[in-house]
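Take 33 as the starting number for the sequence shown in my numbering and just add one per residue.
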Amino acid sequence: MTGVLTGWRARGQGLVHMTRCITCLSVMTAMVVLSSFPVPASADAGGADATPRGAAPSPFDWGPCSSDRGDQSVECAVVTVPLNHSDPSVGSTAVRVGRIPATGGNARGTIFYNPGGPGLSPVEGLASFAAKLSPQVRGDHDIIGVDPRGVGGSEGIPCGAMTTEPPSTSYSVLPANAEQLAEQFDALDPWLRGTCDSDSPLLKHAGSVDAARDIEQVRCLLGVDRIDYYGISYGAVIGAVYSRLFPAHLRTLTLDSPDDPNAWFGAGQPDPLWARLGTAEYSGKTLEDLFSACESAGSRCQWAPMIRSDYERVTRALRTERLTVPGTGSFDASAFQSTVVSALYRFNQNGRDDYETLLGLIHALAQVADGTAPDGEPASGDSVIGPQTRAGSGAPSQDTTVSRMLTVDAVMCADAHEPPQREAWFMSAAAAEADSPGFGYYWISQDSICNGWPATGNLEDSVGIPDYGTIDVPFLVLSNAHDPVVGEWGADRVKGLGPRGAAVVVADGWGHGVLRGSSCAAAQFSEYVASGAPPRPSAGCGSDAPLFAG
């Protein structure tokens with residue numbers, strides 16, 4: 033770890049040692065090592081006493097961020113935190129913290145932001161998030177991002193040591209059928225697990241509990257009494273855990289397009305993680321909704337007369353052959369299903385209509401399947417939405433690619449209760465594929481690596497809270513009606529996790545993540561944060577960019 037920390041110092045990011053927070057945390061040893069946070073024995077025990085109070089800590093040594101994707105308005109520091117908050121003698125790890133100071137010059141509050149993933153960097157997303165907030169909120173609030181362990185500028189997960197070549201597979205990204213799922217189980221998953229240092233304490237402490245406690249550590253260092261928390265997707269899981277551990281330090285809690293924490297952790301549930309989340313069903317419904325919207329739009333959607341038959345011809349052809357669109361790329365069934373999910377996920381994320389681009393690609397592939405493709409590069413085959421790749425399937429054999437992928441796996445496998453029998457994945461994938469063709473194997477296979485993962489750290493084992501899926505504080509849920517990952521149903525389920533949950537639904541909203549597509553929803557969120565009052569139920573919001581508006 034010494035080399036890593038030296039590199040941070042060389043890039044101008046101030047290193048804040050654990051001793052900086054001793055004044056507000058108890059001391060366990062004469063070596064001035066941070067103590068652990070007391071672990072509540074039950075849900076009722078997690079409250080104001082979870083973190084002792086004391087004098088204000090020393091300020092952070094903020095400096096410029098090193099990421100090329102950062103923004104000059106964001107400043108960074110690195111803090112060291114216990115690897116195991118319950119046993120600081122295990123050692124420490126370093127996490128990067130980013131901050132955008134309140135534009136008013138005197139912050140009245142502090143918003144902690146997490147964009148989810150797992151694997152997305154809050155620090156690198158701070159500027160984009162801050163741009164969606166109202167001037168009042170920006171003027172009064174510091175915006176904070178804490179890169180979870182293994183993510184962004186935090187110390188990396190000890191995986192990705194490629195001492196041997198990855199096994200080749202017959203698919204490009206993720207399995208599209210039972211035979212390919214068997215390949216993943218038997219060849220790729222064992223190889224990926226073998227790139228990890230199974231003895232590393234960091235691998236054993238990479239889950240959501242650790243992320244929530246690291247946030248609490250940063251809150252303590254900042255000397256902030258209560259925080260406003262905003263989490264998207266998996267970031268909402270971290271927020272739910274934080275709300276169980278440290279409810280007295282939450283001012284507001286906003287969960288955007290949230291994963292259901294009960295399904296995420298899955299104690300006592302027999303199905304794999306992604307089967308519990310129901311994501312294949314949500315993706316299938318979103319694609320069906322897209323086809324229906326195109327047909328209803330008539331002349332405003334140029335593919336309306338043929339989109340369903342196009343899709344059927346493409347999926348049928350991909351069962352036995354690859355299809356290549358000039359200027360775009362070559363697709364097998366695996367790459368195609370990954371491209372479809374990716375487009376459904378990011379509607380209008382980059383300032384263009386990903387859905388119309390997807391429909392154009394489907395039509396171009398159908399022409400290739402029929403042998404009717406025009407010469408040259410069809411305009412509908414937008415190269416921006418080309419096929420995906422994955423390590424072990426012809427992708428570049430780079431340690432960074434594998435490490436980035438395994439960071440996601442490390443969090444999932446640390447958190448999720450998974451069935452011990454591999455047959456559970458095959459049964460769940462087959463059932464999901466039958467209900468939502470093209471999405472079952474894609475989604476259910478994503479956590480197969482957890483079967484045999486070298487380290488686990490399940491929530492109730494680490495925290496002792498059996499009802500982690502309950503949220504006792506007031507909270508706001510934001511959701512799009514056409515979300516391919518959690519769906520409106522999933523968001524409604526999360527709203528029901530506590531008696532004081534309120535929801536804002538964007539009726540014509542598409543994609544995963546609400547604020548970027550609805551200024552109405554952003555205004556409701558800003559009002560909630562500005563007032564601090566319990567959120568009020570909303571009649572709903574509209575999208576800033578309706579589909580097929582013409």
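Just so it is clear, CB atoms sit at the ideal spot from N, CA and C, and this is done for glycine as well.
Since the model is a prediction, treat every value here as computed from it, not as a measurement.
For residue i versus residue j, is the C-beta distance shorter than 9 Å?
| i | j | result |
| --- | --- | --- |
| A405 | P337 | no |
| A243 | I189 | no |
| L285 | I503 | yes |
| V546 | V538 | yes |
| G522 | D291 | yes |
| R283 | D260 | yes |
| L319 | P516 | yes |
| F557 | L165 | yes |
| A312 | I476 | yes |
| T347 | C191 | no |
| L115 | L253 | no |
| A461 | L213 | yes |
| N512 | G472 | no |
| C482 | A456 | no |
| V205 | Q369 | yes |
| T612 | L393 | For residue 612 there is no data in the structure shown, the boundaries of the chain being 33 and 582. |
| G267 | Y343 | no |
| V183 | G226 | no |
| L152 | V509 | no |
| C333 | F580 | yes |
| H544 | K317 | no |
| V518 | S240 | no |
Which residues does DSSP pair with residue i in a beta bridge?
| i | result |
| --- | --- |
| N146 | G263 |
| W542 | H514 |
| E107 | P96 and R131 |
| I176 | R131 and F144 |
| V509 | L287 and A535 |
| S468 | None, per the DSSP bridge assignment. |
| L438 | The partner list for L438 (beta bridge, DSSP) is empty, contrary to what the question assumes. |
| C573 | V538 |
| S124 | P114 |
| L579 | DSSP, once it has assigned bridges, lists no residue as partnering L579. |
| L282 | I259 |
Please classify residue i as buried or exposed, where buried requires at least 16 other C-beta atoms within 10 Å of its C-beta.
| i | result |
| --- | --- |
| E388 | buried |
| R245 | buried |
| T195 | exposed |
| Y560 | buried |
| D402 | exposed |
| T352 | exposed |
| S362 | exposed |
| E450 | buried |
| G564 | exposed |
| D218 | exposed |
| R181 | buried |
| A280 | exposed |
| A193 | exposed |
| Q399 | buried |
| D257 | exposed |
| G582 | exposed |
| A14 | Absent from the model: residue 14. The displayed extent of the chain is 33 to 582, so no value can be given. |
| A163 | exposed |
| P428 | Low confidence applies to P428: its pLDDT is 34, below 50, so where it sits in the model is not reliable, and the reading given next is rough at best. P428 comes out exposed. |
| C573 | buried |
| S74 | Annotation note: pLDDT 30 at S74 (below 50); position unreliable, coordinate value reported separately. S74 comes out exposed. |
| R568 | exposed |
| P198 | buried |
Mind checking which residues open and close the beta strand (DSSP E) that includes residue i?
| i | result |
| --- | --- |
| G361 | G361 to F363 |
Mind checking which residues open and close the alpha helix (DSSP H) that includes residue i?
| i | result |
| --- | --- |
| D402 | D386 to D402 |
| L355 | It is not in any alpha helix (DSSP H) - L355 instead sits in the beta strand (DSSP E) that spans L355 to V357. |
| Y343 | I339 to L350 |
| F217 | Run containing F217: none; DSSP gives neither H nor E here. |
| D321 | T311 to A329 |
| G29 | Summary: the structure shown does not reach residue 29, with the chain confined to residues 33 through 582, and so no result is reported for it. |
| C252 | S240 to L254 |
| N294 | P293 to F297 |
| P233 | P233 to K236 |
| W521 | G519 to K527 |
| S563 | S551 to S563 |
Determine whether the Cβ of residue i lies closer than 9 Å to any Cβ atom of chain B.
| i | result |
| --- | --- |
| L235 | Within the model displayed, chain B is absent; a lone protein chain is all it includes. |
> Are three or more beta carbon pairs between the segment 297-308 and the segment 528-535 nearer than 8 Å?
Replying inline: no
> Can we say the segment 109-117 touches the segment 132-139, given the rule of at least three CB pairs closer than 8 Å?
Replying inline: no
>> Using 8 Å as the cut-off, can you tell me whether the segment 125-132 makes contact with the segment 164-180, which would need three or more C-beta pairs spanning the two stretches below that distance?
In response: yes
> Does the segment 325-335 touch the segment 459-476, meaning 3 or more C-beta pairs lie closer than 8 Å?
Replying inline: no
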